[in-house]
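Single-structure report; data block below.
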Amino acid sequence: MKTHFLNYVAGLSLIFLMASCGNGSETSQVLGGSAAEQAYVAPGEYDEFYAFMSGGYSGQITAYGLPSGRLLKEIPVFSKYPENGYGYSEETKAMFNTSYGEVPWDDSHHIELSQTDGEFDGRWLFVNGNNTPRIARVDLKTFETVEILEIPDVAGLHCAPFITENSEYLVSGTRFSVPIPQKDVPIDTYKKNFKGLINYVSVDPEHGHMELAFQIEMPGFNYDLARNGKGKSHGWSFLTTYNSEQEHSLLEVNASQKDKDLMAVINWKKAEQYMEEGKFTERQTSYFHNLMNEETTIAESEEKTLTKILDPKDCPDMVYFIPVPKSPHGCDVDPTGEYIVGNGKLSADMSVYSFDKIMQAIEDKNFDGDFDGIPIINYEAALDGIVKKPGLGPLHTEFDGRGNAYTTFFISSEVVKWDVESKEILDRQPTFYSPGHLVIPGGETKKPDGKYLVAMNKITKDRYLPTGPELAHSAQLFDISGDKMKLILDFPTKGEPHYAQAIAADKIQPNSVKFYDIEQNKHPHATLGESKTRVERDGDEVHVYMTAIRSHLAPDNIEGFKVGDNVYFHLTNLEQDWDVPHGFAIQGATNAELLVMPGQTRTLLWEPKKPGVFAFYCTDFCSALHQEMSGYARVSPKGSDVPIKWGLNEKLRENEQAAHDFYEKAKQNANIGK
Amino acid sequence: MSLKQKSRLPQLLMLIGVLSLGAVFLFPLWQITLDAAQFPGGLKMHIWINKISGSEKNIIQNINILNHYIGMQYIEPDSIPELKYFPMVAYVMMALGLISLAINKAWVYLTWFIIIAILGALGIYDFYLWLYDYGHNLDPKAPIKVEGMTYMPPLLGEKDLLNFYVTSYPHLGSGFLGLSSLLALAAYWFKRKS
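Right under this line is the structure:
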């Protein structure tokens with residue numbers, strides 16, 4: 024124990040030393056001319072890989088190109104995004120519904136790309152929301168968030184959303200155990216009242232739709248990270264835990280007392296069997312499922328009220344524990360599915376388990392007692408070997424497909440390459456500074472593309488020009504194609520990327536949607552043609568059916584709005600060409616703007632507060648006459664008798680019958696869409 | 002035996018000629034390519050005997066959007082009558098070709114050749130008139146006033162037009178049309194020799 028503590032202190036002082044000395048000389052040694060060439064992607068050329076980085080506390084995801092480190096797009100997921108109206112437009116508001124009401128933010132941690140046969144298939148991306156437990160799905164054809172599923176009765180969905188090799192399930196666990204179901208109890212009754220849940224969310228193989236299949240009730244530990252087996256270990260999940268001390272205060276000390284914590288080993292095929300046999304209990308709860316309707320492109324929310332729980336006490340041979348040295352963080356499975364690496368973050372050594380040995384130990388009932396009825400597999404029986412003194416603070420491991428593993432060490436601030444079979448350390452390279460996760464393209468799959476490695480560093484210090492007290496986080500790209508890892512690029516990242524996954528560009532690029540086919544537009548308020556534009560009043564609700572095409576909005580002169588109206592601008596972008604979005608902003612709107620993709624319809628609510636004439640305009644520079652793409656909305660005092668009129672370069676129209684007919688037709692279309 | 006084979010050659014040539022003419026329904030007659038920095042790969046418009054298409058599904062809308070800045074009238078395939086009656090003419094010529102096969106006389110092949118050659122020339126002239134019409138009737142209220150108020154793509158060749166580099170050349174359909182007339186001429190030649 025004492026030596027651990029000393030190592031820790033030594034590690035910390037090393038960080039301070041490195042920070043105070045600066046690393047300029049070391050950097051210039053590493054970055055030679057050839058390194059710059061390796062990361063160089065010439066203007067107009069494409070990157071070889073997409074890297075999707077979680078945005079951490081930004082709640083979003085960013086897409087980067089590798090090896091250039093160029094930022095391609097920020098994909099809004101858990102945070103509202105006035106830049107394009109996500110979460111503000113009428114179509115996307117429902118994405119933020121939860122059992123707590125509208126939650127406009129989250130903390131996104133782990134990216135999981137969909138898999139087929141243990142390889143990335145480039146269809147969807149899943150990411151967890153930590154604070155209000157949720158899992159989101161991004162469609163990689165459009166790079167848009169299309170689904171968000173809340174996970175009930177858990178707290179801090181950090182251990183999520185780890186995917187199985189055919190995307191059967193997304194596995195997640197509660198980071199903070201809580202009373203289940205929630206109730207008002209003293210906090211110091213933790214051991215008695217607090218429980219954990221491990222959640223299995225099924226993924227529809229055709230549409231990607233998520234559904235909470237079942238939850239397994241577990242002892243009240245902190246479930247930290249997980250991986251699923253692959254190949255021979257397919258059908259099993261491995262989840263690290265900490266705080267097996269079951270403490271509830273000053274965790275940094277009290278949850279670091281035991282020499283070993285426990286890794287949960289779950290046979291989910293067995294769990295499926297118990298589900299079929301009806302061995303679950305149902306519990307009343309509340310959670311929201313928000314799904315973008317593919318036809319109308321409108322997000323719809325559904326509150327769910329039932330969850331199915333499996334209790335390991337009633338379901339033998341479903342859940343086991345294995346001891347892992349000292350507060351493990353990541354738990355990673357190698358490409359063969361045989362080796363499971365437990366990254367004990369406060370341990371001096373790393374434990375590597377063998378799947379075959381785990382199976383053998385289970386068969387031999389080689390257990391060291393149990394915890395709450397869950398058998399604890401004998402540590403030595405499951406252990407394949409130990410990586411001796413690899414560094415300080417191992418967090419995460421990925422693989423290159425050539426028999427090597429790469430582990431980040433937070434405290435000693437380095438990436439270490441080691442041989443999975445022999446446990447021999449092959450290389451170590453410093454990172455600047457303190458890496459969390461790391462990613463190798465396909466590094467968690469059966470077939471890694473072991474060319475590059477990106478370390479995602481938690482501390483930046485002096486790597487870039489300073490930007491006040493808050494600095495960009497820093498990613499570092501290593502070439503790992505040779506025997507020794509070689510640092511070739513630094514690049515700043517947005518938010519705080521935790522995990523990332525990278526995938527060959529040719530698995531995504533050919534499927535990328537260029538624009539939406541307007542003939543497929545089933546939005547109930549779509550305006551399919553300029554001749555159909557119109558304005559309709561229904562009490563104090565006014566619907567503007569507007570179109571955008573280079574370079575005008577139609578109609579662009581509208582009169583008859585009144586103070587106190589709720590005005591819905593339904594803007595349809597009539598373009599059918601690549602890269603011609605149109606925007607819409609109106610003065611006095613207290614929400615956001617709209618960015619409307621070609622062929623798409625989006626709606627902004629405007630509540631005029633005072634009489635006058637207000638300008639609206641296109642916000643996305645669309646053409647040489649973009650500056651002319653604007654119009655006026657006249658607002659009259661409440662109770663005035665100015666009629667609704669609209670037009671584009673003509674005497675303003677007020678054909679109420681045409682308006683009515685069109686409205687009826689739109690409603691009819693909406694019903695067809697359902 | 003060899004004599005019999007020789008006597009069948011003109012009919013065979015004429016048959017291939019008729020089939021080649023049929024190929025105008027399978028391939029575009031003409032291709033106009035608009036190249037500009039903003040359009041990687043260029044915008045390609047294909048003129049067929051019965052339709053206008055392009056490198057992408059919405060090519061006409063996208064070219065019309067660009068053209069409206071200089072006040073060019075909209076290209077609306079539905080309002081171009083040639084796209085309706087040219088196919089009829091082709092069908093009639095194919096039928097006449099088959100009849101000439103049956104008659105199998107040198108003068109019949111020659112007549113067919115002369116008619117198809119004249120029709121081909123008229124077709125190109127008609128195409129030129131459309132280009133002239135589009136290029137010279139620019140709306141004076143257009144946002145961008147083109148110098149000389151003309152913006153006419155070349156009938157054959159390449160030209161700088163504002164930010165676009167325009168290339169206009171015959172496409173496969175025209176090749177087959179030409180081949181068809183040459184085969185009729187060859188049929189006439191061999192028939193006369195025999």
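Just so you know, the protein sequences line up as chains L and H, in that order. Each residue of the first sequence is one higher than the last, beginning at 24 in the numbering used here. Each residue of the second sequence is one higher than the last, beginning at 2 in the numbering used here. From the three backbone atoms N, C-alpha and C, an ideal C-beta is built for every residue, glycine too.
At the level of alpha carbons, what is the spacing between residue i and residue j?
i                      : j                      : result
residue 193 of chain H : residue 107 of chain H : 6 Å
residue 85 of chain L  : residue 365 of chain L : 28 Å
residue 447 of chain L : residue 432 of chain L : 16 Å
residue 183 of chain H : residue 91 of chain H  : 16 Å
residue 390 of chain L : residue 404 of chain L : 9 Å
residue 21 of chain H  : residue 186 of chain H : 14 Å
residue 27 of chain H  : residue 42 of chain H  : 23 Å
residue 605 of chain L : residue 164 of chain L : 20 Å
residue 521 of chain L : residue 159 of chain L : 16 Å
residue 35 of chain L  : residue 274 of chain L : Legend: pLDDT at residue 35 of chain L = 47, less than 50; position of this residue unreliable, value from coordinates given subsequently. Taking the straight line joining both Cα atoms gives about 19 Å.
residue 533 of chain L : residue 146 of chain L : 12 Å
residue 440 of chain L : residue 449 of chain L : 5 Å
residue 157 of chain L : residue 464 of chain L : 25 Å
residue 115 of chain L : residue 126 of chain L : 13 Å
residue 59 of chain L  : residue 549 of chain L : 49 Å
residue 552 of chain L : residue 423 of chain L : 53 Å
residue 155 of chain H : residue 169 of chain H : 6 Å
residue 583 of chain L : residue 144 of chain H : 30 Å
residue 672 of chain L : residue 575 of chain L : 10 Å
Residue i: buried (16+ other C-beta within 10 angstroms of its C-beta) or exposed?
i                      : result
residue 132 of chain L : buried
residue 120 of chain L : buried
residue 297 of chain L : buried
residue 101 of chain H : buried
residue 462 of chain L : buried
residue 227 of chain L : exposed
residue 57 of chain L  : exposed
residue 52 of chain H  : exposed
residue 524 of chain L : buried
residue 178 of chain L : buried
residue 427 of chain L : buried
residue 18 of chain H  : buried
residue 205 of chain L : exposed
residue 519 of chain L : buried
Name, please, each residue of chain H whose Cβ falls closer than 9 Å to the Cβ of residue i.
i                      : result
residue 647 of chain L : 70, 144 and 145
What would DSSP say about residue i, mapped onto helix, strand or coil?
i                      : result
residue 217 of chain L : strand
residue 226 of chain L : strand
residue 139 of chain H : coil
residue 238 of chain L : strand
residue 152 of chain H : coil
residue 147 of chain L : strand
residue 746 of chain L : Residue 746 of chain L is absent from the model: chain L starts at 24 and stops at 697.
residue 233 of chain L : strand
residue 126 of chain L : coil
residue 194 of chain H : helix
residue 555 of chain L : helix
residue 561 of chain L : strand
residue 191 of chain L : coil
residue 401 of chain L : coil
Starting from residue i, find everything on chain L with Cβ-Cβ shorter than 8 Å and list it in chain order.
i                     : result
residue 66 of chain H : 572, 573, 598 and 600
residue 12 of chain H : Under the 8 Å cutoff, chain L gives no residues; its nearest Cβ is about 48 Å from residue 12 of chain H.
residue 74 of chain H : The contacting residues do not exist; residue 74 of chain H stays about 17 Å from chain L at best.
residue 32 of chain H : Near residue 32 of chain H there are no residues of chain L at all, since even the closest Cβ is about 19 Å away, more than 8 Å.
Whose Cβ in chain L lies nearer than 7 Å to the Cβ of residue i?
i                      : result
residue 51 of chain H  : The contacting residues do not exist; residue 51 of chain H stays about 22 Å from chain L at best.
residue 105 of chain H : In chain order: nothing, as chain L lies at least about 51 Å away.
residue 138 of chain H : None at all; the shortest Cβ gap to chain L is about 20 Å.
Nearer than 7 Å: is that true of the beta carbon of residue i relative to any heavy atom of the ligand MN?
i                      : result
residue 196 of chain L : This structure lacks the ligand MN, and indeed carries no ligand of any kind.
With a threshold of 8 Å between beta carbons, is residue i in contact with chain C?
i                      : result
residue 374 of chain L : In the displayed structure, chain C is absent; the protein chains listed are L and H.
- prompt: Which full runs of the beta strand (DSSP E) of 3+ residues lie inside the stretch 351-388 of chain L, going along the chain?
  reply: 351-356, 362-367 and 373-377
query: Along the chain, which unbroken stretches of the beta strand (DSSP E) at least 3 residues long are found entirely within the stretch 50-109 of chain H?
result: 53-55
message: Quick check on the DSSP output: what are the complete alpha helix (DSSP H) runs of length 4 or more inside the stretch 595-681 of chain L, in order along the chain?
response: none
- request: Please specify which runs of the beta strand (DSSP E), each continuous and at least 3 residues long, are wholly inside the stretch 264-343 of chain L, giving them in chain order.
  value: 283-290, 304-315 and 322-333
field: Secondary structure, beta strand (DSSP E): runs of 3+ residues fully inside the stretch 563-597 of chain L
entry: 564-572, 575-577, 580-585 and 589-596
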